[in-house]
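Contents: one structure, followed by commentary.
Number of protein chains: 2
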Amino acid sequence: MKLLEDKIKKEGKVLEGGILKVDGFLNHRLDVALIRELGSDIGREFRESGASLILTVESSGIAIAFAAGESLGLPVLVAKKHKSHNISDGVYTAPVFSFTHKTENNVVVSREYLGAGDRVLIVDDFLASGNAAMGLLSIIEQAGATAVGFVAAIEKEEQGGRALIEGKGIKVYSLARIKEMRAGEIKFN
Amino acid sequence: MKLLEDKIKKEGKVLEGGILKVDGFLNHRLDVALIRELGSDIGREFRESGASLILTVESSGIAIAFAAGESLGLPVLVAKKHKSHNISDGVYTAPVFSFTHKTENNVVVSREYLGAGDRVLIVDDFLASGNAAMGLLSIIEQAGATAVGFVAAIEKEEQGGRALIEGKGIKVYSLARIKEMRAGEIKFN
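Residue numbers (my numbering), protein chains in the order written: chain A, 13 to 201; chain B, 13 to 201.
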């Protein structure tokens, strides 16, 4: 998606350790008009998917997932992050390692809001190593629900997450697909 | 706002310790159509405020703030929560005690995205004791910016947060104002 690629080229900053800083429009300060366009694009791509629910994880996925929910007329389920392993019976949970923060969290979803009949579109800000995606897919499996796709605003292709998700037969769609990046240069695919 | 009050009456659950559970439409599962209406209502109320920026705090305020940003055509700045006091020079920070989780976090905003020229509308999911509001107002003061209002989707009047904010001369607007609540009964003002 050219709009997002141009924004990343113009304002994104490549930090040490393979981190792409997009704080100015996607994570910390939200460019609402841009994110709305991302939502519309996701809506066009998944209009015919039969999705019944969008699943994201707090907190940087929420705005993009919300915009996609507006476009598709679907509710958004926000998986919560908890450090604790001491979690009640009423939830699905899966461990997720954060590449950016170098910490492990559990992602948690209430059983009340996800069931076997659901067709789930996952929407997140980044796809890198695929850790968050695997955690969310585990939760969907635990619920006996069906994943109809995984959407990332930005994919960092070198980190290989796509293969993990596609290996489960799930469609991956990224709005900006970064082939390689280093300070001062970002190449898209 | 009748739409929200009706939803709270129908689906909200009053838990021990004065906690109102609205997980099914506002916090965990997001009712996108409802939240969009909240955003439109906030837009109507603050159309003439001259706001240049919406400020919220992760993570349950994000969707409501985003919907308000869509309605007002404004960017949204998401204050981050950190446990650590070890924070870089490039940020404003303030301590906030969470009523729900009984923990203290720092809320953090990058100096890059908030400055003396900004007119800031704060949007959050709850107004209770006003702790989060005071932290965000401290950040606005540190930046030399101006707060043009504080919006909560749900206000729990008994906990007194409104007086703290109004005491600073700042307009408070809540979309559902709960006078009192106990299991099975919620009264609005």
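Quick reminder that beta carbons are idealized off the backbone N, C-alpha and C, glycines included.
Item to check | Which of helix, strand or coil DSSP assigns to A:A140 | outcome: Secondary structure of A:A140 (DSSP, three-state): coil.
Checklist entry - Since A:L38 and A:A195 are thought to touch, with beta carbons under 8 angstroms apart, how far apart are those beta carbons, to the nearest angstrom? => result Their Cβ separation, rounded to whole angstroms, is 19 angstroms, which puts A:L38 and A:A195 out of contact at 8 angstroms.
Checklist entry - Which residues of chain A have a Cβ atom closer than 7 angstroms to the Cβ of B:D43, listed in chain order? => result What B:D43 touches in chain A: P87.
Item to check | Residue of A:R174, A:G147, A:S186, A:L176 minimising C-alpha distance to A:V163 | outcome: Comparing alpha-carbon positions, the option among A:R174, A:G147, A:S186, A:L176 lying closest to A:V163 turns out to be A:S186.
Next on the checklist: Output needed for B:E57: all residues of its chain with C-beta closer than 6 angstroms, excluding positions within five of it in sequence on either side, in chain order.
Outcome noted: Within the same chain, B:E57 has close Cβ partners Y185.
Checklist entry - Going by alpha carbons, who is nearest to B:I151 out of B:L89, B:K168, B:K95? => result Taking only the C-alpha atoms, the option nearest B:I151 is B:L89.
Item to check | Terminal residues of the beta strand (DSSP E) in which A:F109 lies | outcome: Its beta strand (DSSP E) spans residues 103-110.
Checklist entry - Hey, how far is the Cα of B:E176 from the Cα of B:G142? => result The sequence given here places Leu at residue 176 of chain B; Glu does not occur at that position. Take the alpha-carbon of B:L176 and the one of B:G142: they are about 7 angstroms apart.
Item to check | Per DSSP, the bridge partner or partners of A:H94 | outcome: According to DSSP, residue pairing for A:H94 in a beta bridge involves A:N118.
Checklist entry - With C-beta atoms as the reference, is A:P87 less than 8 angstroms away from A:L67? => result Their beta carbons are not under 8 angstroms apart, which means A:P87 does not touch A:L67 by this criterion.
Checklist entry - Where do the N-terminal and C-terminal ends of the alpha helix (DSSP H) with A:L84 fall, by residue? => result Bounds of the alpha helix (DSSP H) holding A:L84 are 74-84.
Next on the checklist: Can you tell me where the beta strand (DSSP E) holding B:E170 begins and where it ends?
Outcome noted: Element bounds for B:E170: n/a, residue is neither H nor E.
Item to check | Exposed unless 16 or more other CB atoms sit within 10 angstroms - verdict on A:A106 | outcome: Label assigned to A:A106: buried.
Item to check | Straight-line gap, B:E197 to B:E28 (C-alpha atoms, nearest Å) | outcome: Approximately 13 angstroms, taken between the alpha carbons.
Next on the checklist: Can you find the residues in the same chain that come closer than 8 angstroms, C-beta to C-beta, to A:G102, ignoring five residues on each side of it along the sequence?
Outcome noted: Only S122, R123, E124 meet the Cβ criterion.
Next on the checklist: Could you check whether B:A75 and B:I54 sit closer than 8 angstroms to each other, using their CB atoms as the reference points?
Outcome noted: Going by C-beta atoms, B:I54 is not nearer than 8 angstroms to B:A75.
Next on the checklist: In chain order, what are the residue ranges of uninterrupted alpha helix (DSSP H) at least 4 long that sit wholly in the stretch 16-69 of chain B?
Outcome noted: Every alpha helix (DSSP H) stretch that sits fully inside the stretch 16-69 of chain B and reaches 4 residues is listed by chain position as 44-58.
Next on the checklist: So, under 8 angstroms CB-CB, A:H40 and B:K95 are touching, yes? Tell me the CB distance rounded to an integer number of Å.
Outcome noted: Rounded, the Cβ-Cβ distance is 18 angstroms, inconsistent with contact.
Checklist entry - What distance in whole Å lies between the Cβ atoms of B:K180 and B:K191, which are believed to be in contact at a cut-off of 8 angstroms? => result For B:K191 against B:K180, the beta-carbon gap comes to about 23 angstroms, at or over 8 angstroms, which does not count as contact.
Checklist entry - Is A:G24 close to chain B, meaning its C-beta is less than 8 angstroms from at least one C-beta of that chain? => result The beta carbon of A:G24 does not come within 8 angstroms of any beta carbon belonging to chain B, so the residue lies off that interface.
Next on the checklist: Taking the beta carbon of B:K168 as the centre, do at least 16 other beta carbons fall within 10 Å, making it buried, or is it exposed?
Outcome noted: Buried is the call here.
Checklist entry - Name the chain B residues whose beta carbon is nearer than 9 angstroms to that of A:R56? => result Under the 9 angstroms cutoff, chain B gives no residues; its nearest Cβ is about 17 angstroms from A:R56.
Next on the checklist: For a contact defined as C-beta to C-beta under 7 angstroms, what are the partners of A:E169 on chain B?
Outcome noted: Simply none; closest approach about 27 angstroms.
Item to check | Contact list for B:R48 against chain A, beta-carbon separation under 7 angstroms | outcome: Close partners of B:R48 in chain A (Cβ separation under 7 angstroms): E82.
Next on the checklist: Within 8 angstroms of any Cβ in chain B, is that where the Cβ of A:E70 sits?
Outcome noted: Yes, A:E70 lies at the interface with chain B (some Cβ there is under 8 angstroms from its Cβ).
Checklist entry - Do we get a CB-CB distance below 8 angstroms when we pair A:A188 with the residues of chain E? => result Checking the listed chains, one finds no chain E in this structure; the protein chains it contains are A and B.
Checklist entry - Just to confirm, are B:L133 and B:G161 a CB contact at a threshold of 8 angstroms? => result Between B:L133 and B:G161, the C-beta gap is smaller than 8 angstroms, which places the two residues in contact.
Next on the checklist: Strictly below 7 angstroms CB to CB, what residues from chain A border B:D35?
Outcome noted: Residues of chain A passing the Cβ test: S122.
Item to check | Opposing strand residues paired with A:I152 [DSSP bridges] | outcome: Partner(s): none; A:I152 has no beta bridge.
Item to check | Residue-level contact to chain B via CB, A:Y185, 8 angstroms cutoff | outcome: So no, A:Y185 is outside the interface.
Checklist entry - Within 10 angstroms of its Cβ, does A:S110 collect 16 or more other Cβ (buried), or is it exposed? => result Answer is exposed; the Cβ neighbour count stays below 16.
Next on the checklist: Could you give the first and the last residue of the continuous beta strand (DSSP E) run that contains A:R194?
Outcome noted: Segment 184-194, the beta strand (DSSP E) holding A:R194.
Next on the checklist: I need the DSSP call for B:G127, collapsed to helix, strand or coil.
Outcome noted: Coil.
Checklist entry - Anyone know if the C-beta pair for B:G62 and B:V135 falls short of 8 angstroms? => result Not closer than 8 angstroms, so no.
Next on the checklist: Using 8 angstroms for Cβ pairs, my map puts A:V119 next to A:V108. What's the rounded Cβ distance?
Outcome noted: Contact between A:V119 and A:V108 holds, with the beta-carbon distance rounding to 5 angstroms and staying under 8 angstroms.
Checklist entry - Taking only beta-carbon atoms, is A:Y125 less than 8 angstroms away from chain B? => result Interface residue, yes.
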